[in-house]
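Per this note's numbering, the sequence shown starts with residue 0, numbered consecutively.
We put the beta carbon where it would ideally sit given N, CA and C, even for glycine.
These figures come from a predicted structure and were not determined experimentally.
Below is one structure, written out as structure tokens; comments come after it.
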Amino acid sequence: MEKLKQRVLRFLRENPGQLFKTKEIALKLEIRDGPEYHALQSLLRELADGHQLERGKKQRYGTVGSRSTVVGRIHINRYGYGIVETEEPEKREIYVGSSSLKTALDRDLVAVSLLAGSSPVRVRGEKDRRPEGEVTEVLERGRSTIVGRLERSKNFYFVIPDDRNITRDIYISRESLINARHGDKVVVALEPWESEHLNPEGRVVEVLGQAGIARTEVLSVARAFNLPTHFPQEVLHEAKRISSAIPAAECRRRLDLRDLVCFTVDPEDAKDFDDAVSLTVLSDGNYRLGVHIADVGHYVKEGNALDREALKRGTSVYLVNEVIPMLPEKLSNEVCSLKPHEDRLTYSVFMTVTPEGTVKDHEIEKSVINSKRRFTYEEVQRSLDTGKGEHADVLRGMRTLSRILLEKRLREGGIDFETVETKFRFDADGYPLEIIKKVRLDSHRLVEEFMLLANQTVAKHIGVARHGDGRKPFIYRIHDLPDPDRLRDLSNFVAKFGYKLHINGVNAKAIERLIESVKGAPEEYVINEVAIRSMAKAVYSEKNIGHFGLGFNYYTHFTSPIRRYPDLVVHRLLHEYSAGVSNERKSQLSKRLPSICLQSSEMERRAVEAERESVKVKQVEYMARHLGDELEGIISGVTNFGLFVELNDLLIEGLVRMRDLGDDYYLYDEKNYSLIGRRTRKRYRLGDKITVQVMRVDIEDREIDFRIVENR
């Protein structure tokens with residue numbers, strides 16, 4: 000036995016960082032079935048029990064401390080397995096099976112041991128395989144509270160989490176209920192959880208209201224995404240101390256533009272106005288375009304309480320009927336809001352633009368303005384359509400320039416995704432009466448193109464080394480090239496609708512031609528959504544790689560410092576660099592900016608998800624009043640459990656479940672995005688127009704079920 004022990008230990012030491020099954024060790028040591036193999040099994044168990052070997056999942060063995068451990072954020076889905084995004088430079092993704100999660104919950108920071116010798120795992124619906132690992136330690140909880148519905152069994156209470164990615168119910172003792180009752184939507188604080196064999200425990204810290212009521216469900220969205228709905232007193236006091244009056248000395252230090260004709264253009268229900276525009280046509284035919292942005296950095300200083308809270312929030316969040324602002328109202332709606340006929344401190348970018356859309360010169364200056372008008376998009380559009388109204392000549396010139404800029408951007412590789420949004424019309428009690436598809440007007444494009452140009456100009460101003468002063472640490476808005484496999488999937492998807500997407504390498508112009516070809520078609524919104532999902536996600540980064548979707552080599556976010564933290568930092572950096580900074584300060588910024596970019600990107604992602612969920616709540620609430628209605632739609636997705644149907648104009652998606660296709664037994668044809676009746680050979684295909692009836696609506700689960708209405 001001693002000789003066998005030495006052979007085993009020698010083999011495992013020669014293969015550090017790996018775990019092996021008993022059969023694999025036997026094969027390497029040329030041990031065959033029989034007494035010697037049984038002796039090997041006994042020896043391995045004995046060595047592991049004595050802590051001379053490490054025993055991993057599925058009876059794999061290696062030297063103590065041999066397993067490679069990585070750290071990352073785990074994302075667990077409703078199927079029970081997790082994917083860990085590691086913090087290594089190569090950003091690997093590790094698959095963790097449900098039996099290897101230990102006490103990890105979705106979004107936790109975890110340590111994971113790789114299972115060497117195991118085959119890479121491919122999960123449903125994906126082509127890539129990932130190495131497999133198991134959680135060894137939960138380093139940090141991704142959330143301190145969880146939102147869910149309180150239920151009562153015979154002897155105890157428990158909370159079923161709203162987030163279906165949390166697959167364990169949470170036990171609640173009677174002493175921890177406060178005033179919560181069976182059926183309430185509650186916020187639960189997690190207690191320390193050590194044993195995977197027991198469900199986690201928690202205590203109720205807030206009762207949101209009766210589950211299933213729309214107002215409760217919208218509030219639960221904010222709590223579920225851990226969005227702060229109140230400012231700390233320290234932050235409010237700091238904001239309160241800010242004076243609304245602008246000292247004359249401050250105006251003298253700035254470019255005085257108070258006589259300049261500039262104005263804001265915003266949605267009708269906007270509460271804050273952080274950008275104004277101006278335009279002059281020069282005698283040589285060039286345009287002098289001015290973009291004037293609220294100088295939030297003058298009031299929010301690096302490191303103060305306002306700044307720390309703004310960094311924590313990262314962005315304002317626009318839920319349906321509720322805004323969770325990045326900055327207190329004193330700043331966002333008052334001193335920093337570019338209200339008409341009031342002096343305001345700004346950061347101005349003036350660009351001299353040729354009739355071909357090329358920026359031949361630019362100036363970036365701290366300024367003071369006095370907006371001459373607060374326009375809504377609809378007012379600007381009426382002026383453009385009729386040629387009448389205040390500043391009609393300036394608006395016509397702006398439309399001409401915006402069209403020049405758009406055409407130039409598309410020629411040079413930009414993609415003009417037609418993202419469609421909806422808005423709600425509510426009754427006096429806040430219930431949605433109508434869902435209205437927002438129309439993208441020329442006035443929207445006008446402002447969009449000017450903001451894009453200002454952001455691009457600022458990024459070039461810093462990113463292109465000037466006067467030999469070398470690279471300056473900065474925040475860029477970047478958008479990586481799309482994954483070729485995803486583009487192939489997109490090509491196959493649109494082919495089912497009768498469209499062609501020729502992908503030769505990574506070709507932005509081919510995608511733009513596709514987007515142009517679907518305009519006005521019933522499937523336009525579906526194809527735009529799938530095309531956007533096939534793209535990489537735009538993020539903030541201190542490393543510039545350009546912006547694929549816009550076709551820009553340099554791009555940043557400068558134009559919305561009231562509602563986006565990176566814009567505020569960009570303002571500060573511009574000001575610092577204009578005054579000159581030391582190498583020590585540059586080194587300090589190089590270390591600081593990556594964490595700001597990471598935090599801002601994460602909070603932006605969370606805000607987008609929360610906004611979508613709040614819209615879904617209101618969509619489902621609207622459909623609850625339309626049970627039994629028959630509506631036209633388009634098949635937007637085909638799965639092995641049914642058909643997803645998107646309703647025309649309403650842009651609401653529901654499911655026709657396989658069990659409700661009662662006229663036949665349907666088979667899923669994955670390759671052709673179809674369901675085919677086994678007996679009738681009836682086919683339901685992606686992109687088919689269809690009439691459905693609203694059968695079931697579940698506000699709490701945010702689900703809508705349809706059934707197909709046969710042509711009569």
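**Request:** Over the uninterrupted alpha helix (DSSP H) stretch that includes P483, give me the two end residues.
**Result:** P483 to A494
**Prompt:** What residues are listed by DSSP as bridge partners for Y317?
**Reply:** V322
**Item:** Proximity of Q40 and T21 at Cβ, strictly below 8 Å
**Value:** yes
**Message:** For the segment 263-280 against the segment 359-366, do three or more pairs of beta-carbon atoms, one drawn from each stretch, fall closer than 8 Å, so that the two count as touching?
**Reply:** no
**Request:** Would you identify the three-state DSSP class for E364, choosing helix, strand or coil?
**Result:** strand
**Item:** Same chain, Cβ closer than 6 Å to F547, neighbours up to 5 away in sequence not counted
**Value:** H478 and L480
**Request:** May I have a chain-ordered list of the alpha helix (DSSP H) segments no shorter than 4 residues that lie completely inside the segment 514-589?
**Result:** 523-533 and 564-578
**Message:** Please classify P246 as buried or exposed, where buried requires at least 16 other C-beta atoms within 10 Å of its C-beta.
**Reply:** exposed
**Request:** Starting from the Cα of I159, find the closest Cα among G147, R485 and I434 and give me that residue.
**Result:** G147
**Request:** Say whether the segment 406-417 touches the segment 497-511, bearing in mind that this needs 3 or more beta-carbon pairs closer than 8 Å, one atom from each stretch.
**Result:** yes
**Request:** Within its chain, find whatever has a CB closer than 6 Å to the CB of V393; leave out the 5 residues flanking it on each side and keep chain order.
**Result:** L278
**E84: CB within 7 Å of a non-hydrogen atom of the ligand COA** = In the structure on display, the ligand COA does not appear, and there are no ligands present to speak of.
**Item:** Helix, strand or coil at R711 [DSSP, three-state]
**Value:** At R711, the pLDDT of 44 sits below 50, so the modelled position is not reliable and the matter cannot be decided from this model.
**Asked** At what residue ranges does the segment 414-488 contain a whole run of the alpha helix (DSSP H), taking only runs of 4 or more?
**Response** 441-462
**Item:** Burial state of Q455 (16 or more Cβ within 10 Å)
**Value:** buried
**Message:** Which residue marks the beginning of the alpha helix (DSSP H) containing I403, and which one marks its end?
**Reply:** A391 to R410
**Message:** Does the segment 540-555 come into contact with the segment 322-330, if we say contact requires no fewer than three beta-carbon pairs (one atom in each stretch) closer than 8 Å?
**Reply:** no
**Prompt:** Taking C-beta to C-beta, are F374 and F262 nearer than 8 Å?
**Reply:** yes
**Asked** So, is G653 buried or exposed, given that buried needs 16 or more other C-beta atoms within 10 angstroms?
**Response** buried
**Item:** N-terminal and C-terminal residue of the beta strand (DSSP E) that L344 is part of
**Value:** D342 to V352
**Message:** Does the contact criterion of 3 or more C-beta pairs under 8 Å hold for the segment 482-500 versus the segment 520-528?
**Reply:** yes
**N332 (DSSP reduced to helix, strand or coil)** = helix
**Prompt:** Which word fits H181, buried or exposed, when buried means at least 16 other C-beta atoms lie within 10 angstroms of its C-beta?
**Reply:** exposed
**Prompt:** Between E629 and N647, which are expected to be in contact by the criterion C-beta below 8 Å, what is the C-beta distance as a whole number of angstroms?
**Reply:** Not a contact, Cβ separation roughly 12 Å.
**Item:** Length of the line joining the Cα atoms of G141 and C596
**Value:** 19 Å
**Distance, D283 Cα to G750 Cα** = With the chain covering 0 to 711 only, the question about residue 750 has no answer from this structure.
**Request:** Just tell me which of L409, L489 and M0 has its CA closest to the CA of E45.
**Result:** M0
**Prompt:** Name the DSSP bridge partner or partners of I689?
**Reply:** G632
**Request:** Any chance you could list the beta strand (DSSP E) runs of at least 3 consecutive residues sitting entirely within the segment 141-197, in chain order?
**Result:** 144-151, 156-160, 169-171 and 183-189
**Item:** Length-filtered (3 minimum) beta strand (DSSP E) runs lying within the segment 274-313
**Value:** 274-280 and 286-293
**Message:** If the criterion is Cβ atoms closer than 8 Å, does the pair Y683 and L642 meet it?
**Reply:** yes
**Prompt:** Which whole-angstrom value is the C-beta distance of V568 and I474, which I expect to be below 8 Å?
**Reply:** 6 Å
**Item:** Outcome for P472 when other beta-carbon atoms lying within 10 angstroms are tallied against a minimum of 16
**Value:** buried
**Message:** Less than 8 Å between the C-beta atoms of I514 and A494, yes or no?
**Reply:** no
**Message:** Runs of 3 residues minimum, wholly inside the segment 638-695: which ones carry the beta strand (DSSP E) assignment?
**Reply:** 641-646, 652-656, 665-668, 673-676 and 682-684
**Check whether Y770 and R476 have beta carbons under 8 Å apart** = No answer is possible for residue 770: it lies beyond the span of the chain, which begins at 0 and ends at 711.
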